[in-house]
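Participant: Structure in structure tokens, see below.
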Amino acid sequence: MKDANVSRHPVNLILLGPPGAGKGTQAKLLMDRFSLVQLSTGDMLRAAVAAGTPAGLEAKAVMERGDLVSDALVVAILRDRMAEPDCAGGVIFDGFPRTLPQADALEKLLAEFGQALDAAIELEVEDEVLVKRIVGRAEEAKAAGQPVRSDDNAESLKVRLMEYYKKTSPLIGYYYAKNKLRKVDGLAEIGRVKSEIDALMEPA
Ligand code: AMP
């Protein structure tokens, strides 16, 4: 798949990795290159919190602590969004699924919409680097006068990392068993990671 304008089957990708692995950055690059829709459940939930919707009210305190929001709530938000026509051309899932029940739900949702998953791309990064990146992200935002994410602090980060290892990392084995797992070195610089993902996309 080289050109977004060439007609192609929808490509559905998951970006998998701990907080700070670069999922959001790579999702945005992929979105531009392949005209895919980026669905970040974190962004959707932050929007719901900002808008004060019932889902947002339920999620706010959980997110601030760094815990995971319930599967039912996240899956419901995602289902509504996937029903929109722009998702028919393919989606990059950023921050979803984060639990095994969410992975099962995604498979069913994609099937409901006549689609299938192409690959789960794991961005591999060491913990020490993650902590530095996230703390750096908060400091940069602060210095630039931008809002700092309420969960970008050392305390919430510890919880987010624990949540990742307890609940999300089993997905690596899950997608490996389904022959969908592709690994990328998330420590390389952004352009290099992008090229590695491009190479994986070639046969898609
Ligand atoms: P993110 O922007 O992906 O780092 O997500 C920020 C926060 O939103 C997470 O720490 C969770 O509290 C919540 N969240 C985002 N996506 C999910 C998900 N798929 N399942 C449960 N909670 C989620």
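Take 665 as the starting number for the sequence shown in this note's numbering and just add one per residue. All residues carry an ideal CB built from backbone N, CA and C; glycine is no exception.
(1) To the nearest angstrom, report how far apart V738 and N676 are at their CA atoms.
(2) With 16 as the cutoff for other CB atoms within 10 Å, does S859 come out buried or exposed?
(3) On the three-state DSSP scale, how would you describe R762?
(4) Measure the C-alpha to C-alpha separation of N669 and D750 and round it to an integer number of angstroms.
(5) Nearer than 8 Å: is that true of the beta carbon of V848 relative to any heavy atom of ligand 1?
(6) Examine ligand 1 and report whether any of its heavy atoms sits within less than 8 Å of the Cβ of S704.
(7) Roughly how many whole angstroms lie between the Cα atoms of G686 and G850?
(8) How would you label E776, buried or exposed, when you count the other beta carbons within 10 angstroms and need 16 or more for buried?
(9) Alpha carbon to alpha carbon, how far is V696 from G759?
(10) Measuring from the CB of L773, is there a heavy atom of ligand 1 at a distance below 8 Å?
(11) Are there 16 or more other CB atoms within 10 angstroms of the CB of R846, so buried, or fewer, so exposed?
(12) Let me check understanding here. Comparing Cα to Cα, which of V848, D862, I854, P765 lies closest to G681?
(13) Between which two residues does the alpha helix (DSSP H) harbouring L901 extend?
(14) Taking the beta carbon of I854 as the centre, do at least 16 other beta carbons fall within 10 Å, making it buried, or is it exposed?
(15) Among residues of its own chain, excluding the 5 on either side of V726, which ones have a beta-carbon nearer than 7 Å to its beta-carbon?
Facilitator: In terms of the structure at hand:
(1) 18 Å
(2) exposed
(3) coil
(4) For N669, the predicted model reports a pLDDT of 43, less than 50, meaning its position is unreliable; a value from the coordinates is still stated below. Cα to Cα, N669 sits roughly 15 Å from D750.
(5) It does not: the Cβ of V848 is nowhere closer than 8 Å to a heavy atom of ligand 1.
(6) yes
(7) 7 Å
(8) exposed
(9) It is worth fixing the name first, because residue 696 is Asp in this sequence and not Val. Answer to the nearest angstrom: the Cα atoms are 18 Å apart.
(10) no
(11) buried
(12) V848
(13) Nothing can be reported for residue 901, as the shown portion of the chain is limited to 665 through 868.
(14) exposed
(15) V733
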